[in-house]
Amino acid sequence: MPEKHGGSWDMRKKNFQLLQGLFTRSVLETVKNKSYLQRIGITHVLNAAEGNRFGHVNTNQHYYRDTPIKYFGIPVSDLPTVDISKYFNDVANFIDEALKNNGKVFVHCMMGISRSSTSVIAFLMIKRNMLCEDAIRLIRKSRDIHPNDGFLRQLAALDNQLRRRRL
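Per full-length UniProt numbering: the sequence shown = residues 1 to 167.
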């Protein structure tokens, strides 16, 4: 149970920083608390589950309009048949641009284990030249992740594509 702090729940112990400036967590704990995000210095939010259907997170650019937070969302369901790969480059560019400008990016989905982790893995592969298995290992040092089988296949395809380019 989070500690009570100044009239609001203190969630500092529940955030996970994957890399300098890159955080991920489930939406239920943090993402709708705009004042908290600002207080911990979050400058960018990537919603990997944008939408108002079951299993999605109903936040968008409009939700953050009264904050300086920059927002990017992808409307992806956590199903093995969904093509998340079409967003890999946009996601990687959004995260990379934020980090290059000393921003702090909060990446989330509904539970913080499949869509958000897939997005961060793709970023690490595309922008940090990591192999898929190395990116997964790095994230698992900080938190438990479980990209669904379809997302893992798409990450493997990206890994093969990037390896061929490097030859």
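Ideal Cβ positions, reconstructed from N, Cα and C, are used throughout, including at glycine.
Nothing here was measured: the structure is a model prediction, and the numbers come from that model.
Check: Only counting the same chain, and skipping five residues up and downstream in sequence, which positions put a Cβ closer than 6 Å to that of Leu22?; Outcome: Val105
Check: Using C-beta distances below 7 Å, list every residue in its chain close to Asn89, excluding the 5 sequence neighbours before and after it, in chain order.; Outcome: Ile126
Check: Can you give me the C-alpha to C-alpha distance between Lys141 and Gln161, rounded to a whole angstrom?; Outcome: 26 Å
Check: Considering only the alpha carbon of each residue, which of Ser116, Phe123, Ala122 and Arg128 lies closest to Arg143?; Outcome: Ser116
Check: Confirm, please, whether the CB-CB distance from Thr67 to residue 204 is below 9 Å.; Outcome: The structure shown does not extend to residue 204, since the chain is modelled only from 1 to 167, so the question has no answer here.
Check: Would you mind reading off the limits of the beta strand (DSSP E) that contains Phe106?; Outcome: Val105 to His108
Check: Quick check: the Cα distance between Asn60 and Leu79, rounded to an integer number of angstroms?; Outcome: 21 Å
Check: Counting only the same chain and skipping the five closest in sequence on each side, list residues whose C-beta sits under 8 Å from that of Arg137.; Outcome: none
Check: Out of Ala48, Arg128, Arg53 and Tyr36, which has the shortest C-alpha to C-alpha gap to Tyr71?; Outcome: Ala48
Check: Taking the beta carbon of Ala156 as the centre, do at least 16 other beta carbons fall within 10 Å, making it buried, or is it exposed?; Outcome: exposed
Check: Assuming the contact rule is C-beta atoms closer than 8 Å, Phe123 and Asp96 should be a hit. Round their C-beta distance to whole Å, please.; Outcome: 7 Å
Check: Quick one: residues in its chain with C-beta nearer than 8 Å to the C-beta of Leu37, no 5 flanking neighbours on either side, listed in chain order?; Outcome: Thr30, Val31, Val45, Thr67, Ile69 and Phe106
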